[in-house]
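In the order they appear, the protein sequences are chains A and B. Position 335 (the first sequence) corresponds to 1824 in the numbering used here; numbering is contiguous. Position 277 (the second sequence) corresponds to 285 in the numbering used here; numbering is contiguous. Ideal Cβ positions, reconstructed from N, Cα and C, are used throughout, including at glycine. These numbers were taken from a predicted model, which means no experiment stands behind them. Report on the structure given below.
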Amino acid sequence: MKIKILLLVLSGFLYYGTGFSSSLRITQIDSSDLLLNQNIVLYLGLMDAQGGAIKNLNQLNFLIYESSNKKDYRQIKQFESFQTNSNISNGVNFLLLIDNSGSMYQTIDGKKAHNKSYRRISIARSAVKSFLNNISSANDKVGLAAYNTNYDAISELTTDRAAIEAYLDNIRMPKYKNEFYSEIYGSLTMAMEAFKAIRGRKVIIILSDGENISLFEKTGQPHRIFKKKVIQYQEPLKKLQKQGISLYVINFGKKGDKKDKHLIKIATQSGGTTFDAHNPEDLKKVYFSIVKQIEKEYQITYKASMEPSEKKYVKVVYTGKKERLSNERFYFTGTVFGQPVQELKTEIFAAFIIAIILLVFLSLIRFEKQRKKPSLEILNKGNANVSTQILTLGQDKINVGSGGNANITIAGIPSIQDNHATLFYDKAEDHYQLIGNGKLTVNNQAIATKILESGDLINIDGVTMVFDEGQKK
Amino acid sequence: MSTFLRKLIFVLIGLLAGLAAWPVTEIILYFQTLFSSYLIFSVIQGVCVGGVMGGFFGSIESITLSKRGSIIPSVFMGAVIGIFGGLIGFLLGQGVLTLVMEYSLSNQIFINYGIPISRITGWTCLGLFIGSVEGIRSMSWIKIKVGITGGLIGGLLGGLSLEFLRLLIPEIMYARLVGLLIMGSLIGLFYSLIEHRYSIGVLKLLNGKLKNKEFLIVNKLIKIGSSDHSDIQLKDYTGIADFHAEIHIRENKILIANSDSKNPVIVNEYRIKEHLLKYEDIVHIGTAKLLFLYK
């Protein structure tokens, strides 16, 4: 069995699409623990020149640097943890995304398939079943989705492999012409929903037999979900990077078939890679290779630096006996309060001082002012019209009433007399005496005459006024 | 001071609180690298912003009621409450962030909206605590309720505008300034509006140096006197005891009682021990005359 697996691995790497040189890839950056514990988790894939995983390394083989500007890198001196085989113990979350466009119902050579088993889709089903048998961790979860013009989420992530096998047979040939296209970028964008509330290693493996073809771009008909929007490759790439999901691409078809030119960028920039498969055996081996690559990844956890930036660049340098490899990626650092200014300008400090000065000033202002001279001030005029709101008292005699000659004329209330009340100033006693000619109250008491005190409230048929003696000398 | 002017001063002091919180925010952000983690960094930010804003809001009551002697202790107490507000506000905001994160880690909607929503939650909690500064200081449950409601609405709307402005104004420094100004003034505005809604009457001074000052009746117990510790302080009038009279709210009715045996309380020219206040009653305490009005 072991020999069989070894042979499979070795032969599988012969199909590794990007060549045979040694490579180091940061396959995933998990920053979900950054805000609470300051932790960044890196998943590292390290392959030798023969395409095999470089094993038995320790943390001394790795150096990690962080930068906020991609120029000035600072070394991370201490790792929180260094783990090998963590993906076996913790499990990997795989979403298998299968092309279900019209061409998948042809033979690998692009001809009409008289026998269903020669169809590309049948070969893909068989390869996926083989993949399900090869994943070794009980904690691995697999989800299944198919795409053509539309995205079909067939199964959410599950450890139940038999269920996934059964679901494979639910992939049905598209019925209508408009379903035959390949909305690869749009489908990738939707595929990421499968990883809702999922932590740990996250991988999408897409099997594609062609290029991205947008329904709207091709036919002018709006898409059921994307409407008239043509999804560009940058959109799924950015989302994969933000959510720390790596994309592995399998270009399936005969040699020389057109491949999507952007999928390789999405794969490499999201931490994954691309493979070509030209026959059923190739396809099984490629799926197997992907599983083995991921299982052999190293996991390093470290405390992130506090340099302010929207993005943090991480550079990993591997030093082996013969070689030195490096790889660089970034993660997003969402700070709660945003980014700082470049320099603390004077206006920033001035704002604080101004605020304090204005507060002191406010606390010193007297919002109430005592009137200097005696006055009568209307407080509530009710339904009446009054000739003046505040009358400063300077005369010896003041008339209040409805008459036009009154010092304060109150119009509109029939019960008020022409000269309803008179206010006399007594120079000798220095006080004002109110004499009512009609009905009135002072401080809610009916009076005929009263020597007024400051603050007395006079009420004449609902019109209220307050007497103020002003500042006495 | 009319109730309108009182509202205006609440808004003004809210604006000043936002203005003072801005440099604090910028300085802490500037020294981000000195912090050991994002968590500590953000907690300190919340504590400092809360402390400064709380201090400013703590001064409002002393300023509007012309109680100059109690301004500094009020500012200090407001700052302490604001520090707790900032701390708890941030932790709750952070808690929402973590909770949402757990359930929608890979959801694009969360990335677009979840983080701003959790930040707004933090600002709302901060507003809630800052708003309740005066209530806690005066140990008045009604004022705490007023502050919680006003602060919550102000904090929520202010937080929303802060997030919105971050998108609108690329010069992030000024976005934060405008956002903090809006948040501070909205907390002040909504506090005063809610306070007005909760109050069941007004006592208006008719004479003397504080003529036309209006005192809202919100608390269930209001002490009137010349002491710094009285709720309605009549300092520039004569014949007034430290604690001269009390106003009680009982079943939505307002009762005034004499609390000093030597100095009388006169209502409508009659000396009273207790009296149920009605519209346009004139309360005579020492040389001060107050007009009772329903709100």
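{"Item": "Top-ranked residue by Cα proximity to A/Lys-1861, from A/Ala-1655, A/Gly-1959, A/Ala-1613, A/Ile-1565", "Value": "A/Gly-1959"}
{"Item": "Within chain B, the residues that A/Ala-1937 reaches when beta carbons sit closer than 8 Å", "Value": "Per Cβ cutoff of 8 Å: no residues; A/Ala-1937 is ~15 Å from chain B at best."}
{"Item": "Three-state class that DSSP yields for A/Leu-1929 in the structure shown", "Value": "coil"}
{"Item": "The stretch 1517-1524 of chain A touching the stretch 1733-1740 of chain A, judged by at least three CB pairs closer than 8 Å", "Value": "yes"}
{"Item": "Rounded distance between the beta-carbons of B/Gly-86 and B/Gly-66, thought under 8 Å", "Value": "2 Å"}
{"Item": "B/Gly-187 and B/Ile-138 closer than 7 Å at C-beta", "Value": "no"}
{"Item": "Inter-residue CB distance, B/Phe-251 and B/Lys-270 (contact presumed, cutoff 8 Å)", "Value": "Contact doesn't hold; Cβ gap of about 12 Å is too wide."}
{"Item": "Opposing strand residues paired with A/Ile-1553 [DSSP bridges]", "Value": "A/Ile-1565, A/Val-1805"}
{"Item": "Nearest-angstrom beta carbon gap, B/Val-226 and B/Lys-151 [assumed within contact, 8 Å]", "Value": "6 Å"}
{"Item": "Check whether B/Ile-71 and A/Leu-1851 have beta carbons under 7 Å apart", "Value": "yes"}
{"Item": "Selection from B/Ser-234, B/Thr-33, B/Val-210, B/Tyr-199 that minimises the alpha carbon distance to B/Leu-20", "Value": "B/Tyr-199"}
{"Item": "Segment contact, 8 Å Cβ cut-off, at least three pairs: the stretch 1694-1702 of chain A with the stretch 1784-1793 of chain A", "Value": "no"}
{"Item": "Start and end residues, beta strand (DSSP E) containing A/Ser-1512", "Value": "1512-1519"}
{"Item": "Continuous alpha helix (DSSP H) assignments of at least 4 residues falling wholly in the stretch 1769-1808 of chain A", "Value": "1769-1784"}
{"Item": "Whole-angstrom distance between A/Ile-1897 and A/Ile-1879, CA atom to CA atom", "Value": "9 Å"}
{"Item": "Contact with chain A by B/Leu-16, beta-carbon distance below 7 Å", "Value": "no"}
{"Item": "Simplified DSSP assignment, three categories, for A/Gly-1534", "Value": "strand"}
{"Item": "C-beta contact flag for B/Leu-134 and B/Gly-162 at 7 Å", "Value": "no"}
{"Item": "Residues bridged to B/Tyr-210 [DSSP beta-bridge criterion]", "Value": "Rather than Tyr, the amino acid found at residue 210 of chain B in this sequence is Val. DSSP, once it has assigned bridges, lists B/Leu-224, B/Leu-301 as partnering B/Val-210."}
{"Item": "Inter-residue CB distance, B/Leu-201 and B/Gly-158 (contact presumed, cutoff 8 Å)", "Value": "7 Å"}
{"Item": "Identity of the residues DSSP links to A/His-1909 by a beta bridge", "Value": "According to DSSP, A/His-1909 bridges with nothing at all."}
{"Item": "Cβ-based burial, A/Arg-1563 [other Cβ within 10 Å; buried from 16]", "Value": "exposed"}
{"Item": "Alpha helix (DSSP H) segment containing A/Thr-1678, residue limits", "Value": "1673-1680"}
{"Item": "Residue nearest to A/Leu-1726 in terms of C-alpha spacing, selected from A/Ser-1778, A/Thr-1808, A/Glu-1706, A/Phe-1819", "Value": "A/Phe-1819"}
{"Item": "Closest Cα partner of A/Phe-1684 within the set A/Ala-1634, A/Gly-1925, A/Phe-1741", "Value": "A/Ala-1634"}
{"Item": "Spatial neighbours of B/Asp-314 in its chain, beta-carbon cut-off 6 Å, leaving aside the 5 residues before and after", "Value": "Residue 314 of chain B falls outside the range modelled here, since chain B spans only 9 to 303, and no answer is possible."}
{"Item": "Neighbouring residues, chain A, relative to B/Pro-31 (Cβ below 8 Å)", "Value": "Ile-1837, Phe-1838, Ala-1840, Phe-1841"}
{"Item": "Residue nearest to A/Thr-1648 in terms of C-alpha spacing, selected from A/Asn-1574, A/Asn-1908, A/Ser-1556, A/Gly-1580", "Value": "A/Gly-1580"}
{"Item": "C-alpha distance - A/Ile-1457 paired with B/Leu-189, whole-angstrom precision", "Value": "Because chain A in this structure spans residues 1490 to 1962, residue 1457 of chain A falls outside the shown range and cannot be described."}
{"Item": "Euclidean distance between Cα positions of A/Asp-1800 and A/Asp-1561", "Value": "The sequence shown places Lys at residue 1800 of chain A, not Asp. One C-alpha to the other measures close to 14 Å."}
{"Item": "C-alpha distance - A/Glu-1857 paired with B/Leu-211, whole-angstrom precision", "Value": "15 Å"}
{"Item": "Contact check, A/Ile-1693 vs A/Leu-1586, beta carbons under 7 Å", "Value": "yes"}
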